[in-house]
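The structure appears below as structure tokens.
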Amino acid sequence: MGKATLTALAWHQSWILWSLLYLAVLSVCYLQFGWQGVLWAWAMLATFQLLRVYRKLARLLDDLESRTLKQEPIAQGVWAALETLIIRRNRENRQRISRLVQMLRGYRLAAGAMPEGALVVNRRTLFVIWSNKVAKKMLGISPADDAVRLFELFRQPQVKEWFTASNIDQPLLNIESPNEAATNLDLYLLPYTAEFSLVVLRDSTKMRKLEQVRSDFVANVSHELRTPLTVIHGYLELIEQQDNPELQTIIMEMQKQSHRMNHLVEDLLNLSRLESGKELPEETIQSSSLLSTLEQEAQALSQNRHHITVLNEFNGALLGSPKDVHSAFSNLVSNAVRYTPTGGSIIIGMLHNGTGGVDFSVKDTGFGIPSDHISRLTERFYRISTSRSRELGGTGLGLSICKHVLNLHQAELIIQSEPGKGSTFTCRFPKKRVA
Numbered sequence: 007m008g009k010a011t012l013t014a015l016a017w018h019q020s021w022i023l024w025s026l027l028y029l030a031v032l033s034v035c036y037l038q039f040g041w042q043g044v045l046w047a048w049a050m051l052a053t054f055q056l057l058r059v060y061r062k063l064a065r066l067l068d069d070l071e072s073r074t075l076k077q078e079p080i081a082q083g084v085w086a087a088l089e090t091l092i093i094r095r096n097r098e099n100r101q102r103i104s105r106l107v108q109m110l111r112g113y114r115l116a117a118g119a120m121p122e123g124a125l126v127v128n129r130r131t132l133f134v135i136w137s138n139k140v141a142k143k144m145l146g147i148s149p150a151d152d153a154v155r156l157f158e159l160f161r162q163p164q165v166k167e168w169f170t171a172s173n174i175d176q177p178l179l180n181i182e183s184p185n186e187a188a189t190n191l192d193l194y195l196l197p198y199t200a201e202f203s204l205v206v207l208r209d210s211t212k213m214r215k216l217e218q219v220r221s222d223f224v225a226n227v228s229h230e231l232r233t234p235l236t237v238i239h240g241y242l243e244l245i246e247q248q249d250n251p252e253l254q255t256i257i258m259e260m261q262k263q264s265h266r267m268n269h270l271v272e273d274l275l276n277l278s279r280l281e282s283g284k285e286l287p288e289e290t291i292q293s294s295s296l297l298s299t300l301e302q303e304a305q306a307l308s309q310n311r312h313h314i315t316v317l318n319e320f321n322g323a324l325l326g327s328p329k330d331v332h333s334a335f336s337n338l339v340s341n342a343v344r345y346t347p348t349g350g351s352i353i354i355g356m357l358h359n360g361t362g363g364v365d366f367s368v369k370d371t372g373f374g375i376p377s378d379h380i381s382r383l384t385e386r387f388y389r390i391s392t393s394r395s396r397e398l399g400g401t402g403l404g405l406s407i408c409k410h411v412l413n414l415h416q417a418e419l420i421i422q423s424e425p426g427k428g429s430t431f432t433c434r435f436p437k438k439r440v441a
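With positions in the sequence shown counted from 1, the corresponding number in the numbering used here is that position plus 6.
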């Protein structure tokens, strides 16, 4: 029987029964005592009905407060229907709560079984309100104590800055574990409500060690290649001084490739040094002198084949390693000259950005870069066109070096390009890098 039918039937039954009862009582009182008896009978029946209603309400309140699940009443009428509906709602709520508890228990078991650490953090108070076993082990949290602040677990100030910034696209990498020595953690932020966020901890120690082994291998091989390359290059210069016109073309090509290999070795050594993650020396770098040097290099490489413009709206100074910053900027400028056809224009500039920092940008009217290649440009040895890069003397390491230099200066490389219309490479430095 439907809910509407049950209610309607209850009202109908109650109305008929009480109407017949009242009519019978009033009729008897009228026959015995007249209209005065009818009034007294009406007053007594109303009082009885009020007491009955009060007693029923008191019992319903007791049932609701006790939260006991009773059997549906067998009686009929409005009160029986009301009690039946309440019992049914209680049963449905119990079933719903049971399902929710089972789902919550399943989610907590799944989160507890994760191979990564997991922290649930209150975004307003920064308190850790729950953590799984892996996170407790990584951070040294006692099993019975989750009520600790996130920045009390991590002594590094950048952890609190990263969490409060709530940038889910930028994980915090290579953070030293507060509980396990020589252990590095990567932190990922997943806000799932307006109040709470999930922080995922991943042990990146093995990956860092593998990267270090690879970096050491490249550095060692590059060091070993230096000596034979120097010998080969020296003998080629001696051969050039002799009068061997028939070998002139061969010797020139060997010298060209020798220079290219030497350049490649130097880039590999430089990249290995940057990948080691060591802090670079900080000095004041004047934008005017830096831009003047870059303009001279661009003019020398261009040989008057391009229209080169320099803009210095910043006219201030940066804090950083002069050698490495110049190397990164010079690489962007030389790329613009190499990949811009004769007659094109190149704009080199430094200007303030919206965050209080400074942007160094190189804009050209060159070939442009397809969008599917942009995300991979900073990978080592990645080339869009292998033949064009080799023809123009590229090693495939320049943008990778540039990216690592910027990372060590807390800056980022922004690439905008459209095929056939040119490219813009922007090095965005934060406010703290402005002297």
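Virtual Cβ for every residue (Gly too), placed ideally from N, Cα, C. Note that the coordinates shown come from a computational prediction; the quantities given were computed from them, not determined experimentally.
Report yes if the C-beta distance between residue 193 and residue 178 is below 8 angstroms; otherwise report no.
-> yes
Ignoring anything shorter than 3 residues or poking outside the stretch 125-169, list the beta strand (DSSP E) runs there in chain order.
-> 133-137
What does DSSP give as the partner residues of residue 432 in its beta bridges?
-> 367 and 420
Alpha carbon to alpha carbon, how far is residue 279 from residue 185?
-> 29 angstroms
From the DSSP output, which residues share a beta bridge with residue 323?
-> 292
For residue 207, which three-state DSSP category applies?
-> strand
Quick one: what's residue 112 bridged to in DSSP?
-> DSSP, once it has assigned bridges, lists no residue as partnering residue 112.
Distance, Cα to Cα, residue 258 vs residue 237?
-> 16 angstroms
So what does DSSP say about residue 180, is it helix, strand or coil?
-> strand
Quick one: grab the DSSP three-state call for residue 192.
-> strand
Proximity to residue 320 [Cα-Cα], best of 414, 306 and 440 | 440
Nearest-angstrom Cα distance between residue 162 and residue 267?
-> 42 angstroms
Measure how close the beta-carbons of residue 364 and residue 356 come, nearest whole angstrom, since I'm counting them as under 8 angstroms.
-> 6 angstroms
If we call anything under 8 angstroms between Cβ atoms a contact, is residue 433 one with residue 414?
-> no
Just checking my contact of residue 181 with residue 160 at CB under 8 angstroms: how many whole Å lie between their CB atoms?
-> 7 angstroms
Cβ of residue 112 within 8 angstroms of Cβ of residue 141?
-> no
Straight-line Cα distance separating residue 424 from residue 377 | 7 angstroms
Quick one, are the C-beta atoms of residue 323 and residue 354 less than 8 angstroms apart?
-> no
8 angstroms Cβ cutoff met for residue 303 and residue 351 = no
With DSSP collapsed to three states, give me the class of residue 15.
-> Low confidence applies to residue 15: its pLDDT is 48, below 50, so where it sits in the model is not reliable, and the reading given next is rough at best. Of the three classes helix, strand and coil, the one that applies to residue 15 here is helix, per DSSP.
According to the neighbour-count rule (16 or more other Cβ atoms, all chains shown, within 10 Å of its Cβ), is residue 240 buried or exposed?
-> exposed
Specify, as a first and last residue, the run of the beta strand (DSSP E) that residue 440 falls within.
-> Segment: none, residue 440 is in no beta strand (DSSP E) and carries neither H nor E.
Using a Cβ-Cβ cut-off of 8 angstroms (strictly less than) and excluding sequence neighbours within five positions of residue 409, which residues of its own chain qualify?
-> 384 and 419
Inter-residue spacing [alpha-carbon to alpha-carbon] between residue 138 and residue 188 = 22 angstroms
Can you tell which of 244, 343, 253 and 387 has its C-alpha closest to the C-alpha of residue 273?
-> 387
Same chain, Cβ closer than 6 angstroms to residue 315, neighbours up to 5 away in sequence not counted = 353
8 angstroms contact criterion, which residue 144 and residue 207 should meet: CB distance rounded = 6 angstroms
Please work out which residues of its chain come closer than 6 angstroms, Cβ to Cβ, to residue 132, disregarding the five sequence neighbours upstream and downstream, and give them in chain order.
-> 155 and 156
For residue 313, the first and last residue of its enclosing alpha helix (DSSP H) = Note, residue 313: premise wrong, no alpha helix (DSSP H); beta strand (DSSP E) at 313-318.
Locate the beta strand (DSSP E) running through residue 355, then write down its first and last residues.
-> 351-358
Minimum C-alpha distance to residue 232 - residue among 67, 271 and 265 | 271
For residue 436 and residue 339, the rounded distance between their alpha carbons = 21 angstroms
Residue range of the alpha helix (DSSP H) that includes residue 337 = 328-344
Determine the burial state of residue 198: buried for a count of at least 16 other Cβ atoms within 10 Å of its Cβ, exposed for fewer.
-> exposed
Just reading off the alpha helix (DSSP H) that residue 254 is part of, what are its end residues?
-> 254-281
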